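Participant:
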Amino acid sequence: MSTPHNNAEKGEIAKSVLLPGDPLRAKFIAENYLSGVKCFNEVRGALGYTGTYKGIPISVMGTGMGCASMGIYSYELIHHYECTSLIRIGSCGAFTEKLKVGDLVMAIGASTDTNYAGQYQLEGGNFSATASFRLLSRAVSEAEKQKAPFMVGNVYCTDVFYRPERIPDVWKRMGILAAEMESFALYCNAAVAGVDALTILTVSDHLVTGQSMTPLEREKSFKDMMVVALETAAA
Ligand code: HPA
0 MSTPHNNAEK
10 GEIAKSVLLP
20 GDPLRAKFIA
30 ENYLSGVKCF
40 NEVRGALGYT
50 GTYKGIPISV
60 MGTGMGCASM
70 GIYSYELIHH
80 YECTSLIRIG
90 SCGAFTEKLK
100 VGDLVMAIGA
110 STDTNYAGQY
120 QLEGGNFSAT
130 ASFRLLSRAV
140 SEAEKQKAPF
150 MVGNVYCTDV
160 FYRPERIPDV
170 WKRMGILAAE
180 MESFALYCNA
190 AVAGVDALTI
200 LTVSDHLVTG
210 QSMTPLEREK
220 SFKDMMVVAL
230 ETAAA
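Every letter in the sequence shown is one number past the one before it in numbering that gives the first Met the number 0, and letter 76, counting from 1, is 75.
#1: May I ask you to check if the CB of Met69 is nearer than 7 Å to at least one heavy atom of the ligand HPA?
#2: Does at least one heavy atom of the ligand HPA sit under 7 Å from the Cβ of Ala178?
#3: What does the alpha-carbon distance come out to for the pair Asn153 and Ala93?
#4: For His205, write down the residues that DSSP places opposite it in a beta bridge.
#5: Comparing C-alpha positions only, which one of Glu143, Thr49, Tyr155 sits nearest to Ser182?
#6: May I ask you to check if the CB of Cys187 is nearer than 7 Å to at least one heavy atom of the ligand HPA?
#7: Exposed or buried, what is Ser15 when buried is set at 16 or more other beta-carbons lying within 10 Å of its beta-carbon?
#8: I want to know whether the region 117-128 touches the region 140-149 - three or more CB-CB distances under 8 Å.
#9: Checking 8 Å against the spacing of the C-beta atoms, do Phe39 and Ile77 come in under that value?
#10: What do you reckon, are the CB atoms on Thr231 and Ala138 nearer than 8 Å?
#11: Can you name the start and end residues of the alpha helix (DSSP H) that Val139 belongs to?
#12: Can the beta-carbon of Ser73 be found less than 8 Å from the beta-carbon of Ala184?
#13: Rounded to a whole number of angstroms, what is the C-alpha to C-alpha distance between Phe132 and Tyr186?
#14: With a CB to CB cut of under 6 Å and the five nearest residues on each side skipped, what residues in its chain are close to Val36?
#15: Scan the region 56-124 and note each continuous alpha helix (DSSP H) run of 4 residues or more that stays entirely inside, going in chain order.
#16: Pop quiz: Pro22 and Gly44 are said to be a contact at Cβ under 8 Å. What is the actual Cβ separation, rounded to whole angstroms?
#17: Shorter than 7 Å, the distance from the beta carbon of Gly47 to the closest heavy atom of the ligand HPA, or not?
#18: If you reduce the DSSP assignment to three classes, tell me which class Thr213 lands in.
#19: Just tell me which of Pro167, Leu46, Val151, Tyr80 has its CA closest to the CA of Gly10.
#20: Does Lys231 come out as helix, strand or coil in the three-state DSSP assignment?
This is the structure we're talking about:
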């Protein structure tokens with residue numbers, strides 16, 4: 000049986016799933032990094048594929064942009080398809096001069112301007128959305144092995160890409176590394192279900208220096224992120 004947003008039958012999606020925002024990136028990863036690939040979804044263009052990496056079953060599926068879209072796809076992957084390890088791979092805008100375009104960011108936590116956690120009716124405080132330590136520690140080891148430049152820290156998961164004003168400096172003062180748009184929903188869904196999730200990002204643009212990636216930097220950092228994510232998923 001499938002869902003309203005995913006054509007896959009139960010059992011067609013691996014326990015470990017990589018989640019790029021861009022469905023065409025999912026296709027690229029499947030075609031270039033996985034073996035024995037089968038497409039399991041084309042609904043709404045959210046392309047999804049299952050194959051193997053070094054003999055381990057891995058799926059990859061595009062989630063679209065924002066917490067609303069990530070919320071739907073990751074919820075179904077966890078609750079309907081019984082996925083237990085979800086790794087978002089995407090891009091971010093850096094807040095700190097410590098990062099250069101092309102560097103990797105691993106989100107140990109996701110702060111947010113979204114009200115995604117409002118659904119849980121949490122009483123008496125705010126929820127701190129965090130990554131799976133198991134996945135994060137693997138990803139760190141792998142990035143060190145690849146000699147890929149990276150930082151681990153908190154990200155700002157925002158609903159707004161185009162905004163009239165800059166993101167307030169207070170977020171930078173609170174140690175936020177970068178802005179992105181999906182991690183908070185992924186981490187909430189994983190937390191509620193007790194499964195593992197991690198976000199790995201490449202810095203695609205710099206919100207302080209205004210720098211953005213050259214095509215060469217884009218390719219190199221994308222490869223770094225892919226290898227780190229695949230090795231983490233397959234470990
Ligand atoms: N804001 C939010 N998400 C992003 C950005 C940004 O500046 N750059 C890449 N993803």
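Glycine included, every Cβ here is placed at the ideal spot set by N, Cα and C. Keep in mind that this is a model prediction, so the values were computed, not measured.
Facilitator: In short:
#1: Met69 Cβ: outside cutoff for every heavy atom of the ligand HPA.
#2: Ala178 Cβ: within cutoff of the ligand HPA.
#3: Going by the C-alpha atoms only, they are around 11 Å apart.
#4: Answer is Ala93.
#5: Nearest of Glu143, Thr49, Tyr155 to Ser182, Cα basis: Tyr155.
#6: No, since every heavy atom of the ligand HPA falls outside the 7 Å radius drawn around the Cβ of Cys187.
#7: Ser15 should be labelled buried.
#8: Contact check between the region 117-128 and the region 140-149: fewer than three CB pairs, one atom from each, fall below 8 Å, which does not count as touching.
#9: No, the Cβ-Cβ distance between Phe39 and Ile77 is not below 8 Å.
#10: Taking 8 Å as the Cβ cut-off, Thr231 and Ala138 qualify as a contacting pair.
#11: Segment 132-145, the alpha helix (DSSP H) holding Val139.
#12: The answer is yes: Cβ separation under 8 Å.
#13: Cα-Cα distance, rounded: 12 Å.
#14: Taking C-beta separations shorter than 6 Å and ignoring five residues to either side along the sequence, the partners of Val36 in its chain run Ala29, Tyr48, Gly50, following chain order.
#15: Taking 4 residues as the minimum length, the alpha helix (DSSP H) runs contained wholly in the region 56-124 are 65-78, in order along the chain.
#16: The beta-carbon separation of Pro22 and Gly44, rounded to 5 Å, stays under the 8 Å limit for a contact.
#17: Between the ligand HPA and the CB of Gly47, the shortest heavy atom gap is not smaller than 7 Å.
#18: Correct three-state label for Thr213: coil.
#19: The candidate whose alpha carbon is nearest that of Gly10 is Tyr80.
#20: Note that residue 231 is Thr in the sequence shown here, rather than Lys. In the structure shown, Thr231 sits in a helix (DSSP, three-state: H, G or I).
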